[in-house]
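Enquirer: Numbering (this note's numbering), first residue to last: 23 to 99. All residues carry an ideal CB built from backbone N, CA and C; glycine is no exception. Here the structure is a predicted model, which is why all the values come from computation and not from measurement. One structure, as C-alpha cells, below. Some questions next.
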Amino acid sequence: MIQDYFDYPKPDEWEYDRNQLQMGKQLGEGAFGIVVMGTAVNIRGISGTITVAVKECRPDASVEDKLNFVCEADLMK
Numbered sequence: 023m024i025q026d027y028f029d030y031p032k033p034d035e036w037e038y039d040r041n042q043l044q045m046g047k048q049l050g051e052g053a054f055g056i057v058v059m060g061t062a063v064n065i066r067g068i069s070g071t072i073t074v075a076v077k078e079c080r081p082d083a084s085v086e087d088k089l090n091f092v093c094e095a096d097l098m099k
C-alpha cells in the first residue's frame, strides 16, 4: 500500500516559489493534473515577467496519482 508520504526531490533550478507566479487560464489537462498559463517574475536570471506553462496536480488526486505526478514532474525537468 502506498503511504501518504512523499519523498520529494530537492528543489533545483527548475522550481520556483509560488509567489513568483501569477496563474492564468487553463490550457489543458492530463492524467494527473491541469496545465495553466502563467506569468513568472524574475526567474532564471531574467528581470521582469515572462509567460510560462504551469502544471498542477489535481486537488482530488489519489495518493498514487500524487506520487505519479511528482515522478512525471521530475522526469520532465
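So Q44 packs on G60, CB below 8 Å; how close in whole Å?
Expert: Numbered from its first residue, the sequence shown carries residue 44 at position 22. Numbered from its first residue, the sequence shown carries residue 60 at position 38. Confirmed, Cβ separation roughly 6 Å.
Enquirer: If C79 sits next to G52, beta carbons under 8 Å apart, how far is it from one beta carbon to the other, in whole angstroms?
Expert: One-based indexing of the sequence shown puts residue 79 at position 57. One-based indexing of the sequence shown puts residue 52 at position 30. Taking a contact as a CB-CB distance under 8 Å, the pair C79 and G52 does not count as one, their CB atoms being some 10 Å apart.
Enquirer: Assuming G46 contacts V58 under a Cβ cut-off of 8 Å, what Cβ separation, rounded to an integer in Å, is found between them?
Expert: In the sequence shown, residue 46 corresponds to position 24, counting from 1. In the sequence shown, residue 58 corresponds to position 36, counting from 1. Yes, G46 and V58 are in contact; Cβ-Cβ is about 6 Å, under 8 Å.
Enquirer: Short of 6 Å in beta carbon distance, which residues of its chain neighbour D87, apart from the five on each side in sequence? Order them along the chain.
Expert: In the sequence shown, the residue the question calls residue 87 occupies position 65. The residues are F54.
Enquirer: Using the Cα positions of R66 and E35, report the straight-line distance between them to the nearest angstrom.
Expert: Residue mapping note: residue 66 aligns to position 44 of the sequence shown, counting from 1. Residue mapping note: residue 35 aligns to position 13 of the sequence shown, counting from 1. Computed Cα separation, rounded: 8 Å.
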